[in-house]
Amino acid sequence: MDMSDIAYTSPLNQIENRWNQIIKEIRSKQNLENGWGEGNELAPSKELIDWAEFYIKQTVKPHFQVPPPNYVSVTPDGSIVVEWYMKNNNYMSIEFSEPSVSKLMTESNVKFEHLTIPRQQERSSDIVETKSLRTIAA
Numbered sequence: 000m001d002m003s004d005i006a007y008t009s010p011l012n013q014i015e016n017r018w019n020q021i022i023k024e025i026r027s028k029q030n031l032e033n034g035w036g037e038g039n040e041l042a043p044s045k046e047l048i049d050w051a052e053f054y055i056k057q058t059v060k061p062h063f064q065v066p067p068p069n070y071v072s073v074t075p076d077g078s079i080v081v082e083w084y085m086k087n088n089n090y091m092s093i094e095f096s097e098p099s100v101s102k103l104m105t106e107s108n109v110k111f112e113h114l115t116i117p118r119q120q121e122r123s124s125d126i127v128e129t130k131s132l133r134t135i136a137a
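Right, dumping it as structure tokens:
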């Protein structure tokens, strides 16, 4: 067997591929219409989808030092939720309920935090929040 016939994806490429898949999942929410769950559910707005993609790409991925999320979902009120389930029963989610605002929730065995991070906040503030998330992602 010729080794060149075997496809190999490095762990770093696998992680990058997963981040790209998450962005595609966020983008796919633009295909939803109001009433998507056979009721009165709202579809996320284009602006909200753009904001979620921007925040994940520009803030979470480069500064939070967490692995790619496990899930992307939409709530009945049209919010986008990105969720991480990590080691030691640690959990993190970011809810995008309106353009330019992110609601970050973390939960671990010892503490629970809920933060609202407006878009206008300085990048250095996002990095400060990263420090508290490092132990949760571990």
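Under numbering that gives the first Met the number 0, the residue at position 38 of the sequence shown is numbered 37, and the numbers go up by one with no gaps.
Where a beta carbon is used, it is the ideal one built from N, C-alpha and C, also for glycine.
Asked                                                                                                                                      : Found
With a CB to CB cut of under 7 Å and the five nearest residues on each side skipped, what residues in its chain are close to V73?          : K28, L31, P43, I79
Would you report the Cα separation of E46 and Q13, rounded to the nearest angstrom?                                                        : 29 Å
Does any CB atom of chain C fall closer than 8 Å to the CB of F53?                                                                         : Reference to chain C is not applicable here, since this structure consists of a single protein chain.
When DSSP builds the beta bridges, which residues end up paired with I79?                                                                  : V73, F95
So does the stretch 34-41 actually touch the stretch 81-101, counting three or more Cβ pairs closer than 8 Å?                              : no
For L11, count the other beta carbons within 10 Å of its own beta carbon; 16 or more makes it buried, fewer makes it exposed. Which is it? : exposed
By the three-class DSSP mapping on this structure, what secondary structure does V59 have?                                                 : helix
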